[in-house]
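Numbering (my numbering), first residue to last: 66 to 837. Accompanying notes for the structure given below.
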Amino acid sequence: LELLRSPAGAWVLYKLDRGVDHVLVDEAQDTNPEQWEILREVTGDFFAGEGQAAGRVRTVFAVGDEKQSIYSFQGAEPRKFSESRRHWERLAGQVAAAFETISLTVSFRSAPGVLAAVDQVFSDPDLFRGLSFDDGATGTAHQSAWPDIPSAVELWPFEAEAGEAEADAWTHPVDEPEARAPAVRLARKIAQAVKAWTTTGDALGRVWRPGDVLILVRGRNAAFFATIRALKDVGLPVAGADRLDITQHIAVQDLVAAGRAALLPDDDLTLAAALKSPLVGFDDDDLLRIAVGRAEDVSLVEAMRAAAQAGDAAAIRGCEALDSWRELAAARGPFRFYAEILGPLGGRRRLVARLGAEAGDAIDAFLAEALSSEHPATPSLAHFLAGFAASDREIKRDLEAGGDAVRVMTVHGAKGLEAPVVVLIDQAYATGDRSPGLFDVGAPLPLWSPSSKTDCAPAAQAREARRARDVEERNRLLYVALTRAADHLVIAPFSKKGADGFHPASWGARVEAALAGGGYGLTSASLPYGDVLLWRDPEPAPKARETTEALVPQDWPIPQWLDRPADPEPEPAPPIRPSSALTAADQPRRPRERPLDPAARLRGVLVHALLERLASIAPDRRRAAAAAFVAARAAGLSMEARERIVADALAVIEDARLAALFAPGAFAEAPIAGEVEIGDAGVRTPVAGQIDRLAVTQDAVIFADFKTGARPPADGAPRPGQLSQMALYHALLAAIYPGRPIRAFLVWTAGPLVAEIPEADLEAALRGITPA
């Protein structure tokens, strides 16, 4: 934006104007003011007459819904959507260009009853505030694409704290407040309701699957985590939290404890935590039996080893686990250490079985951290654990991939999602103003006022404006929450300790008041999980009721392979080296080359080096450059030998038959790899090698292999091993460049002798290679 507003902005816009014909803005309601300003600057010339854009069709297309703008914390300003629409409409009118505003009121998600409830709720002017910024708009108006689908809206009574419980000597006092807390009581009621919906059916008799249920909260508060626990307690599959702080996840803490115990087993507390984790499976009785009664100078690990020698089964299991951890810690980096614990030692299976599917996501993120800690630093388990403990690691989970499981997430996280059944947990009490005391009043610096008691007039006005914007966003958040439901919507409020009813501004209170005043009205109903107020169709359509029978889960046979560990994959055979194809295929390892005379080996290395480098040097400078290169690297050779090396290399490069191989664009020492069908049976075998010289043209692919350590054959015919090498190169290149002729040259540099090998000979040689 600063660039566009700078003196160079006109030039930038001029350059952009030549290449921008269409602007598409998706999720326009979440666009921030600065982005709208950029769009206005970029599209300004769209409405400035024809100019250099004569004959071009130029468009601005923006799609969005002001009612769903809930990301003000990211800078979104829904008012700017309406302002920008009016801005472009005015510009289009000035040049007589077409402009159209299309309102989409048909919902392909929700049933008529749910939409009627939404419209009834937002017919309240206070709740509709912030959902539209068009003059004259008074409420929402929806139409369902599925007019025959039955639906229901449930409004639960607010869940308050239970009364004083009778004293019970067997109940630990620390446990009692949580069980009586409103959030926990509501969570248990929700779990009972979901259990009923997935077994006996809902208020309309429809049976849902766990994956059909979406539970929404305004924030990750006590009700959020209590609901996840309650669902697990009644045996329902749960996708878990949508965001995870992996440093605080119990599965990760168990893995950290195992790592620390492996490094320092004399740390009794850490070892006890590791033993009680699912990785080992101690319970309190096992730990007390081993630890209690030992001498003060006896550590837990010593007591456990003594108990193991006495035959204690739990102690034996603990010693075996600890010993395996210590062996891994001594020989592996952090990633391999935990990969072994989670894989072959069965740690992942035990953790997920105990803690649920979300543990898998936390474990994967933890493993990724362990792997990244090994680069570029030297792998160290102690260093990794120290750094991990001092960091914050939060991951966002994709609950859509959670399968047939209940989803629990925030309203913000659910935007764009839907579910047949939606439960909205409402915190039915005021939380107070927690916003910071900084206000944007249009000055270069923000205005700071810590509380309303110290507000000056501008601060008071800014604070009131912020309150109004917060109310508008809460209304839009309610709209997003209610419209996630396709068939069944439940509003479940809970209070805080000491509250005796809804807060007047809570969602539950406002929705109850709205639904009681119109449409179908609210009726009392007694359901398996309690008394509720029900808003529903007077008579569900029988046809739609029949279609819901398909949602009843069916029993499927479990395949035998599901619980059987997968067989280890066979180790891949090492690739054949074309230079030793006839022997490499029959050996598990690469054959060792026969030792050469040092002078002959040096001669071959120097000739190959010259053939690789001289082609890029001007012809009149090649001999001098080659002589200097050889003299610097082969001072021990005689002058005659050095001259012979230079002469042989230059003779090959200057050979007219090989001109394409040394032309600009040709490749030297080109690596190549792939799979080739060898032998009469056509067995696919990995091959890897390096082609001395390769040229790829529009008409053909040409390659050559140089032989520097042998005299040319008298008859000019290649030996079988050389033919096999060239055949493998030919087959690899034919697969890479199908349809082009492949020409193969075998070049003996002493001479030189150049032999082009016919394709038929290469194919015969390929069939003669014996696969491993």
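For each residue, glycine too, the CB sits at the ideal point set by N, CA and C. Here the structure is a predicted model, which is why all the values come from computation and not from measurement.
Reduced DSSP category for residue i - H, G, I as helix; E, B as strand; rest coil
{"i": "isoleucine 822", "result": "strand"}
{"i": "arginine 70", "result": "helix"}
{"i": "phenylalanine 223", "result": "coil"}
{"i": "lysine 132", "result": "helix"}
{"i": "serine 389", "result": "helix"}
{"i": "proline 736", "result": "strand"}
{"i": "serine 172", "result": "strand"}
{"i": "phenylalanine 111", "result": "helix"}
{"i": "tryptophan 513", "result": "strand"}
{"i": "leucine 827", "result": "helix"}
{"i": "isoleucine 214", "result": "coil"}
{"i": "serine 437", "result": "helix"}
{"i": "leucine 503", "result": "strand"}
{"i": "lysine 480", "result": "coil"}
{"i": "valine 299", "result": "coil"}
{"i": "glutamate 742", "result": "strand"}
{"i": "alanine 524", "result": "helix"}
{"i": "valine 321", "result": "helix"}
{"i": "valine 617", "result": "Here the model assigns valine 617 a pLDDT of 43, short of 50, so the residue's position is not dependable and the matter cannot be decided."}
{"i": "lysine 608", "result": "In this prediction, lysine 608 scores a pLDDT of 46, lower than 50, which makes its location untrustworthy; the coordinate-derived value is nonetheless stated afterwards. Helix, per DSSP."}
{"i": "isoleucine 641", "result": "strand"}
{"i": "leucine 759", "result": "strand"}
{"i": "glycine 194", "result": "Position check: residue 194 holds arginine in this sequence, whereas glycine was assumed. Arginine 194 falls in the coil class under three-state DSSP."}
{"i": "valine 272", "result": "coil"}
{"i": "arginine 654", "result": "Residue confidence is low: arginine 654 scores 33 on pLDDT, short of 50, so the model does not pin down where it sits. No coordinate-derived value is stated."}
Exposed unless 16 or more other CB atoms sit within 10 angstroms - verdict on residue i
{"i": "glycine 848", "result": "The structure shown has nothing for residue 848, since the chain only spans 66 to 837."}
{"i": "lysine 518", "result": "exposed"}
{"i": "glycine 434", "result": "Here residue 434 is glutamate; the residue named in the question, glycine, does not match the sequence. Burial call: buried."}
{"i": "leucine 68", "result": "exposed"}
{"i": "arginine 70", "result": "exposed"}
{"i": "serine 703", "result": "exposed"}
{"i": "glutamine 185", "result": "buried"}
{"i": "tyrosine 544", "result": "buried"}
{"i": "tryptophan 76", "result": "exposed"}
{"i": "glutamate 99", "result": "exposed"}
{"i": "lysine 461", "result": "exposed"}
{"i": "glutamate 614", "result": "Unreliable placement is indicated for glutamate 614, whose pLDDT of 44 sits below 50; no coordinate value is reported for it."}
{"i": "proline 409", "result": "exposed"}
{"i": "glutamine 208", "result": "exposed"}
{"i": "valine 239", "result": "Any answer about valine 239 is weak, because its pLDDT of 49 lies below 50 and its placement is not dependable; what the coordinates show is given next. Per the 10 Å Cβ criterion, exposed."}
{"i": "serine 134", "result": "buried"}
{"i": "arginine 325", "result": "buried"}
{"i": "alanine 158", "result": "A small correction: the amino acid at residue 158 is glycine; alanine does not occupy that position in the sequence shown. So glycine 158 ends up on the exposed side."}
Per DSSP, the bridge partner or partners of residue i
{"i": "valine 88", "result": "Val125"}
{"i": "glutamine 492", "result": "Phe559"}
{"i": "glycine 754", "result": "Ile737"}
{"i": "leucine 599", "result": "Glu219, Thr588"}
{"i": "arginine 472", "result": "Leu279"}
{"i": "serine 209", "result": "Ser172"}
{"i": "aspartate 200", "result": "Its beta-bridge partners do not exist; DSSP assigns none."}
{"i": "lysine 772", "result": "Trp813"}
{"i": "valine 486", "result": "Val278, His553"}
{"i": "arginine 18", "result": "What the structure shows of the chain is the stretch from 66 to 837, and residue 18 is not part of that stretch, so it cannot be assessed."}
Residue interval of the beta strand (DSSP E) (run including residue i)
{"i": "histidine 553", "result": "550-559"}
{"i": "leucine 309", "result": "308-310"}
{"i": "glutamate 154", "result": "Where glutamate 154 is concerned, there is no enclosing beta strand (DSSP E), although the alpha helix (DSSP H) it sits in stretches over 143-159."}
{"i": "glycine 461", "result": "Position check: residue 461 holds lysine in this sequence, whereas glycine was assumed. Note, lysine 461: beta strand (DSSP E), 459-461."}
Residue i - containing alpha helix (DSSP H), residue span
{"i": "leucine 797", "result": "785-801"}
{"i": "alanine 706", "result": "704-718"}
{"i": "arginine 915", "result": "Outside the displayed range of the chain (66 to 837) lies residue 915, so it cannot be described from this structure."}
{"i": "arginine 415", "result": "412-420"}
{"i": "lysine 254", "result": "247-262"}
{"i": "phenylalanine 400", "result": "399-407"}
{"i": "glutamine 185", "result": "177-186"}
{"i": "leucine 723", "result": "It is not in any alpha helix (DSSP H) - leucine 723 carries neither H nor E in the DSSP assignment."}
{"i": "phenylalanine 449", "result": "446-454"}
{"i": "arginine 575", "result": "572-581"}
{"i": "glutamate 367", "result": "365-374"}
{"i": "aspartate 333", "result": "333-341"}
Residue i: CB within 6 Å of a non-hydrogen atom of the ligand HEM
{"i": "isoleucine 807", "result": "Absence of the ligand HEM is noted for the structure shown, with no ligands found whatsoever."}
Output the residue ranges of the alpha helix (DSSP H) runs that lie fully inside the segment 673-701 and measure 4 residues or longer, sorted by chain position.
687-698
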